[in-house]
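S.K.: Each step along the sequence shown adds one to the number in numbering that gives the first Met the number 0, with nothing skipped, and position 340 is 339.
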Amino acid sequence: MKILHLGDLHIGKKVNGYSMIENQRDVFEQIYRVIEEKKVETVLIAGDIYDRSVPSEEATETLDEFLSHLINTLQVRVIAISGNHDSPARLEFSRGILAKQGLHIVGEYNKLVNKVSVDNFDFYLMPFVTPATIRKKFGEVIEERELTVSTYDDTMKFITGEAVAQLDRDRVNIALYHGFVIGSGEKEEDIEREESVKPLAVGGKESVAEKYFLDFDYTALGHLHGNRRVKSERVRYSGSPIKYSFSERNQKKSLTVIDIDRDRFEVENIEIVDKYPMVEIKGTFDEVMEADIDSDAYLKVTLTETVLDAMNKLRTKYSQVMELGIEIATSDAVRKDHRSANIDKVPTDELFKDLAASVGVELDEEEVEKVREIVNEIIKGEG
Ligand SMILES: [Mn+2]
Numbered sequence: 000m001k002i003l004h005l006g007d008l009h010i011g012k013k014v015n016g017y018s019m020i021e022n023q024r025d026v027f028e029q030i031y032r033v034i035e036e037k038k039v040e041t042v043l044i045a046g047d048i049y050d051r052s053v054p055s056e057e058a059t060e061t062l063d064e065f066l067s068h069l070i071n072t073l074q075v076r077v078i079a080i081s082g083n084h085d086s087p088a089r090l091e092f093s094r095g096i097l098a099k100q101g102l103h104i105v106g107e108y109n110k111l112v113n114k115v116s117v118d119n120f121d122f123y124l125m126p127f128v129t130p131a132t133i134r135k136k137f138g139e140v141i142e143e144r145e146l147t148v149s150t151y152d153d154t155m156k157f158i159t160g161e162a163v164a165q166l167d168r169d170r171v172n173i174a175l176y177h178g179f180v181i182g183s184g185e186k187e188e189d190i191e192r193e194e195s196v197k198p199l200a201v202g203g204k205e206s207v208a209e210k211y212f213l214d215f216d217y218t219a220l221g222h223l224h225g226n227r228r229v230k231s232e233r234v235r236y237s238g239s240p241i242k243y244s245f246s247e248r249n250q251k252k253s254l255t256v257i258d259i260d261r262d263r264f265e266v267e268n269i270e271i272v273d274k275y276p277m278v279e280i281k282g283t284f285d286e287v288m289e290a291d292i293d294s295d296a297y298l299k300v301t302l303t304e305t306v307l308d309a310m311n312k313l314r315t316k317y318s319q320v321m322e323l324g325i326e327i328a329t330s331d332a333v334r335k336d337h338r339s340a341n342i343d344k345v346p347t348d349e350l351f352k353d354l355a356a357s358v359g360v361e362l363d364e365e366e367v368e369k370v371r372e373i374v375n376e377i378i379k380g381e382g
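Below, the structure written as structure tokens:
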């Protein structure tokens, strides 16, 4: 079976205020072409379908167009789970009806094992879930098994254990999971998590051991935004199809196509073309304006000087400045020691001069005189 593994679509996501819908639609067109060229029969979506639990109207329409095209026009089946960004209950709307049309979505754990069977394939759907939710829903089973479920690792040990106990090894078994899976010997703090990946637990351990998935013939993961395998060739993240933060600007986004059967396993990564590149540039205002950059690129600009109304001026050439920062080499003035203990002893006009110098503005004698006048008036007023 030819399978396209997708994840982390984040439909409706805004990056620094810019809607990504146009890029998302463009990527969907690329996906349609790959499905046709590679004769894909099944599309897996490993969670974070939407970017928020209550998606915008535009996001809902975009997903509807996407799924309709996949199922009605291209006639592939779609098997999807929810991620930590999705609302499990909303994603499941009309689930029973849609399954008959070839769209299998699981958002919630109404059962511990959620299986979809097609020909000689069994797909085990494991949406993102917190330890607390599983404890609450399946407390009795957990007790029966004499398990503790307090971390994500415990949770998936339990859930995959229930699935593996039912595996029919004569069939091809495929797992879908949305979460943070690491290989043996790997530490979660060493694994790159893109800026657009939201932490699952504050301060706690987030990772799940890969070993729980090794009984499956393939595991389609979602959550991390880079395209990579964990340790095994058969446990993989497709990554997000779009760069969702500047930390991803050097990543190559791609589509993961798997050709799998009992005796066959091949992976092909097909590169995605960015509709707009993400570019980081640093320099003076003139240098930035004269740089040879696509005017529709997503830009992160760092100016090395202060420019009045810089954002609007940059936008006369570049339509999508996402981030603007100023970095000025510190002058001697900034290094002057103005501590609160002795700040009363430094004349006010000196302090103003140093403050201006710290953002790259040299006050001339006339301006300093103005500052003195104003300060004196304030002092008089107070007297
Ligand atoms: Mn995600």
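Beta carbons: idealized from backbone N, C-alpha and C, even for Gly. Just so we're clear, the structure is a prediction, and the values are computed from it rather than from any experiment.
#1: Between histidine 84 and ligand 1, is the CB less than 7 Å from at least one heavy atom?
#2: How long is the line joining the alpha carbons of threonine 41 and phenylalanine 137, rounded to whole angstroms?
#3: Could you check whether histidine 177 and valine 196 sit closer than 8 Å to each other, using their CB atoms as the reference points?
#4: Quick check: what's the CA-CA separation for alanine 332 versus arginine 371?
#5: Is the beta carbon of valine 196 within less than 7 Å of some heavy atom of ligand 1?
#6: Flag this pair as yes or no: are the beta carbons of valine 115 and isoleucine 158 separated by less than 8 Å?
#7: Taking only three categories from DSSP, how would you classify glycine 138?
#8: Rounded to the nearest angstrom, how far is the Cβ of tyrosine 243 from that of histidine 9, given a contact under 8 Å?
#9: I think valine 128 touches threonine 154, with their Cβ atoms under 8 Å apart; what is that distance to the nearest whole Å?
#10: Are proline 54 and glycine 6 close, meaning C-beta to C-beta below 8 Å?
#11: Pick out whichever of Glu188, Glu193, Leu175 and Ala200 has its Cα sitting closest to the Cα of tyrosine 211.
#12: Cβ atoms of valine 39 and leucine 3: under 8 Å apart, would you say?
#13: I'd like to confirm something about aspartate 7: is its beta-carbon nearer than 7 Å to some heavy atom of ligand 1, or not?
#14: Identify the residues that DSSP records as bridge partners of methionine 125: which are they?
#15: So, arginine 76 versus glycine 101, is the Cβ gap smaller than 8 Å?
#16: Go ahead and label glycine 392 buried or exposed: buried means 16 or more other beta carbons lie within 10 angstroms of its beta carbon, across all protein chains shown.
#17: What is the rounded straight-line gap between the Cα of lysine 230 and the Cα of glycine 182?
#18: For glutamate 187 versus glutamate 209, is the C-beta spacing smaller than 8 Å?
#19: Mind checking serine 439: buried by the 16 CB within 10 Å criterion, or exposed?
#20: Measure how close the beta-carbons of valine 266 and glutamate 232 come, nearest whole angstrom, since I'm counting them as under 8 Å.
#21: If I follow the unbroken beta strand (DSSP E) through arginine 76, where does it start and stop?
#22: Between the alpha carbons of isoleucine 292 and valine 320, how many angstroms are there, rounded?
#23: Where does methionine 0 fall in DSSP's three states?
M.R.: The answer reads as follows:
#1: The residue you call residue 84 lines up with position 85 of the sequence shown. Short note on histidine 84: C-beta closer than 7 Å to some heavy atom of ligand 1.
#2: Here the question's residue 41 lines up with position 42 in the sequence shown. Here the question's residue 137 lines up with position 138 in the sequence shown. The straight-line gap from Cα to Cα measures roughly 31 Å.
#3: To locate residue 196, count along the sequence shown from 1; it is residue 197. To locate residue 177, count along the sequence shown from 1; it is residue 178. No, the pair does not count as a contact, with Cβ atoms beyond the cut-off.
#4: Mapped onto the sequence shown, residue 332 falls at position 333. Mapped onto the sequence shown, residue 371 falls at position 372. A caution first: alanine 332 carries a pLDDT of 48, below 50, which makes its placement in the model too unreliable to give a value.
#5: The residue you call residue 196 lines up with position 197 of the sequence shown. Yes, the Cβ of valine 196 comes within 7 Å of a heavy atom of ligand 1.
#6: As a first step, residue 115 must be located in the sequence shown, where it is residue number 116. As a first step, residue 158 must be located in the sequence shown, where it is residue number 159. No. Outside cutoff.
#7: Here the question's residue 138 lines up with position 139 in the sequence shown. Helix, per DSSP.
#8: For the purposes of this step, residue 243 is taken as the residue at position 244 of the sequence shown. For the purposes of this step, residue 9 is taken as the residue at position 10 of the sequence shown. Contact between tyrosine 243 and histidine 9 holds, since their C-beta atoms are separated by about 6 Å, short of 8 Å.
#9: Walking along the sequence shown from the start, residue 128 turns up at place 129. Walking along the sequence shown from the start, residue 154 turns up at place 155. Taking C-beta atoms under 8 Å as the contact rule, valine 128 and threonine 154 qualify, at a distance of about 7 Å.
#10: To locate residue 54, count along the sequence shown from 1; it is residue 55. To locate residue 6, count along the sequence shown from 1; it is residue 7. It is not a contact, given that the beta carbons lie outside the stated cut-off.
#11: As a first step, residue 211 must be located in the sequence shown, where it is residue number 212. Out of Glu188, Glu193, Leu175 and Ala200, Leu175 has the C-alpha closest to the C-alpha of tyrosine 211.
#12: For this step, residue 3 is matched to residue 4 along the sequence shown. For this step, residue 39 is matched to residue 40 along the sequence shown. Cβ atoms of leucine 3 and valine 39: closer than 8 Å.
#13: Stepping through the sequence shown from its first residue, residue 7 is reached at position 8. Checking the Cβ of aspartate 7 against ligand 1 gives yes.
#14: Sequence index remark: in the sequence shown, residue 125 carries index 126 (1-based). Beta-bridge pairing links methionine 125 to Tyr176.
#15: The residue you call residue 76 lines up with position 77 of the sequence shown. The residue you call residue 101 lines up with position 102 of the sequence shown. Contact check for arginine 76 against glycine 101 passes: the beta carbons are separated by less than 8 Å.
#16: Residue 392 is absent from the structure shown; the chain starts at 0 and stops at 382.
#17: The residue you call residue 230 lines up with position 231 of the sequence shown. The residue you call residue 182 lines up with position 183 of the sequence shown. In this structure, the alpha-carbon of lysine 230 lies about 5 Å from that of glycine 182.
#18: On the sequence shown, position 188 is the one that residue 187 refers to. On the sequence shown, position 210 is the one that residue 209 refers to. Cβ distance not < 8 Å, so glutamate 187 and glutamate 209 don't count as in contact.
#19: Nothing in the structure corresponds to residue 439, since the chain is present only between 0 and 382.
#20: Counted from its first residue, the sequence shown places residue 266 at position 267. Counted from its first residue, the sequence shown places residue 232 at position 233. Going by Cβ atoms, the distance from valine 266 to glutamate 232 rounds to 7 Å, so yes, they are a contact pair.
#21: Residue mapping note: residue 76 aligns to position 77 of the sequence shown, counting from 1. Here the beta strand (DSSP E) through arginine 76 covers 76-80.
#22: Looking up residue 292 in the sequence shown gives position 293. Looking up residue 320 in the sequence shown gives position 321. Put simply, the backbone Cα of isoleucine 292 is about 12 Å away from that of valine 320.
#23: For this step, residue 0 is matched to residue 1 along the sequence shown. Of the three classes helix, strand and coil, the one that applies to methionine 0 here is coil, per DSSP.
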